[in-house]
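A.B. asks: In my numbering, the protein residues as written are 59 to 151.
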């Protein structure tokens with residue numbers, strides 16, 4: 059279990075430094091959407107997405123499209139990081 063709810067094998071989690079697990083979902087998309095809903099506030103202007111070795115270009119494009127629709131005030135930058143384990147790392151400014 060986590061502060062965001064129960065975590066089952068195969069679930070995706072969203073982590074925030076200092077806050078721990080803030081999102082739990084059965085799909086990567088849902089976990090990213092939940093995490094970004096917590097990270098993006100009206101004061102934020104830029105989302106930097108660092109893609110990991112397991113992130114697909116199709117999933118990344120869909121994520122950027124979702125952010126543009128849900129948070130039209132945010133600009134997105136996408137960079138390939140290639141990190142293992144984490145499909146995405148997010149930075150919000």
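In this text, a Cβ means the ideal position worked out from N, Cα and C, and glycines have one as well. Computed from a predicted model, the values in this text were never measured in an experiment.
Which residues in the same chain as residue 96 place their Cβ atom closer than 8 Å to its Cβ, once the five residues preceding and following it in sequence are excluded?
C.D. replies: Residue numbering aside, residue 96 sits at position 38 when the chain shown is read from its first letter. For residue 96, where only same-chain residues beyond five positions count, the Cβ hits under 8 Å are 72, 74, 80 and 81.
A.B. asks: Given this structure, state the Cα-to-Cα distance separating residue 102 from residue 150, to the nearest angstrom.
C.D. replies: Within the chain shown, residue 102 is the residue found at index 44, counting from 1. Within the chain shown, residue 150 is the residue found at index 92, counting from 1. Using only the alpha carbons, I get a separation of about 7 Å.
A.B. asks: Quick check on residue 91: does DSSP put it in helix, strand or coil?
C.D. replies: Working through the chain shown from its first residue, we reach residue 91 at position 33. Three-state result, residue 91: helix.
A.B. asks: Can you tell me the Cα-Cα spacing of residue 129 and residue 83, whole angstroms?
C.D. replies: Position 71 of the chain shown, counted from the first residue, corresponds to residue 129. Position 25 of the chain shown, counted from the first residue, corresponds to residue 83. So the two alpha carbons sit approximately 20 Å from each other.
A.B. asks: If you draw a straight line from the C-alpha of residue 146 to the C-alpha of residue 62, how long is it?
C.D. replies: Here residue 146 is taken as the residue at index 88 of the chain shown, counted from 1. Here residue 62 is taken as the residue at index 4 of the chain shown, counted from 1. Rounded to whole angstroms, residue 146 and residue 62 show a C-alpha spacing of 19 Å.
A.B. asks: Would DSSP call residue 124 helix, strand or coil?
C.D. replies: As a first step, residue 124 must be located in the chain shown, where it is residue number 66. DSSP, read as helix, strand or coil, puts residue 124 in helix.
A.B. asks: Tell whether a beta-carbon distance below 9 Å holds between residue 114 and residue 137.
C.D. replies: Start at 1 with the first residue of the chain shown, and residue 114 comes out as number 56. Start at 1 with the first residue of the chain shown, and residue 137 comes out as number 79. It is not a contact, given that the beta carbons lie outside the stated cut-off.
A.B. asks: Look up residue 137 in the DSSP assignment and give the residues it is bridged to.
C.D. replies: Walking along the chain shown from the start, residue 137 turns up at place 79. DSSP lists 108 as partners of residue 137.
A.B. asks: What is the DSSP secondary structure of residue 73, reduced to helix, strand or coil?
C.D. replies: Translated into positions along the chain shown, residue 73 becomes position 15. Strand, per DSSP.
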